[in-house]
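Numbering (full-length UniProt numbering), first residue to last: 1 to 133. Cβ coordinates follow ideal geometry from the N, Cα and C atoms, glycine included. This report refers to the structure that appears directly beneath it.
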Amino acid sequence: MCENELGRYMKNQGKADKREETGRMMIALGRALLFSSHQRAAVRGPLLRFYQELQVFNDRAIFDCSQTVEAVERARLEYRGSLLWMKKTSEELDPDTDRQLEKFREAQSAVRINKDKLDKLKVDTLQKVVFTR
């Protein structure tokens with residue numbers, strides 16, 4: 001706003017100035033200031049909108065990242081639980097009993113599945129944290 005007023009003032013003073021060279025310079029400076037203020041005004045609206053959209057994007061990315069971190073914590077608990085289950089079944093394991101062996105294999109399978117899930121979520125979280133920086 002001040003830039004616009006200063007530009008008009010310089011143009012008017014340049015027209016009123018009695019010295020030809022100084023007047024032309026003041027008019028040129030006034031035009032440059034007016035042009036600059038118009039360009040700034042034209043860019044201001046889209047820049048503000050872009051900033052707001054960027055802020056919304058950033059907020060959503062952070063929220064998504066926090067949800068992924070919570071999912072990692074749940075997956076870690078499931079993985080630890082399945083490890084404890086496998087430990088318990090291995091301590092009770094009697095190689096002669098098929099039922100106990102089947103139970104141990106089931107626990108092993110659960111550990112593998114939970115480990116894969118945890119690893120995938122860890123990578124997702126790492127990528128999201130790097131992306132939101």
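Item to check | Close-in-space but distant-in-sequence residues of the same chain around K128 (CB under 8 Å, 5 per side omitted) | outcome: A61, D64, C65, T68
Checklist entry - Can you find at least 3 beta carbon pairs, one from the region 104 to 118 and one from the region 73 to 88, that sit closer than 8 Å? => result yes
Checklist entry - The alpha helix (DSSP H) spanning residue 135 covers which residue range? => result A question about residue 135 goes unanswered here, because the residues of the chain that appear run from 1 up to 133.
Item to check | Start and end residues, alpha helix (DSSP H) containing R31 | outcome: 20 to 91
Next on the checklist: Given this structure, state the Cα-to-Cα distance separating D94 from I113, to the nearest angstrom.
Outcome noted: 24 Å
Item to check | Where G45 falls, given that 16 or more other Cβ within 10 Å makes a residue buried | outcome: exposed
Next on the checklist: Can you find the residues in the same chain that come closer than 7 Å, C-beta to C-beta, to G23, ignoring five residues on each side of it along the sequence?
Outcome noted: G14, K15, D17
Next on the checklist: Can you tell me whether T97 is helix, strand or coil according to DSSP?
Outcome noted: coil
Item to check | Own chain partners of E70 with C-beta closer than 8 Å, once the 5 adjacent residues on each side are dropped | outcome: none
Next on the checklist: Do N58 and G30 have their beta-carbon atoms positioned less than 9 Å apart in this structure?
Outcome noted: no
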